[in-house]
Amino acid sequence: MSTQWDIAQSRTLYNLEHWSEGYFDINPNGEVTVSPIPGQAATINLHELAQSFAAHGLSLPVLV
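Written out as structure tokens, the structure is:
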């Protein structure tokens, strides 16, 4: 039996509201994002960032 999963369930499962202090969220694609300034529209997609590192021959963890 398969059930539909949504972003709200992911936020609840990972308890984002209680530890992220507005810095982390999950985008509509289900990927984790970080916001340098909580409440602002500008975010960094951590999945895309990791892919960019890999494309440049870097592997995680990366200190930035």
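If you use our numbering, the sequence shown corresponds to residues 2 to 65, in order.
For every residue, glycine included, the Cβ atom is placed at its ideal position computed from N, Cα and C.
Nearest to residue i (by Cα), restricted to the options the options
i	options	result
I45	T4, P62, Y24, L64	Y24
Residue i vs residue j beta-carbon contact at 7 angstroms
i	j	result
L17	V33	no
Residues bridged to residue i (per DSSP)
i	result
T34	D26, N46
Inter-residue Cα distance where the pair is residue i and residue j
i	j	result
R12	I27	7 angstroms
S36	E22	10 angstroms
L1	F54	Past the edges of the chain, shown from 2 to 65, lies residue 1, and the structure says nothing about it.
G40	W20	15 angstroms
A43	Q52	19 angstroms
P62	G31	21 angstroms
Q10	A56	31 angstroms
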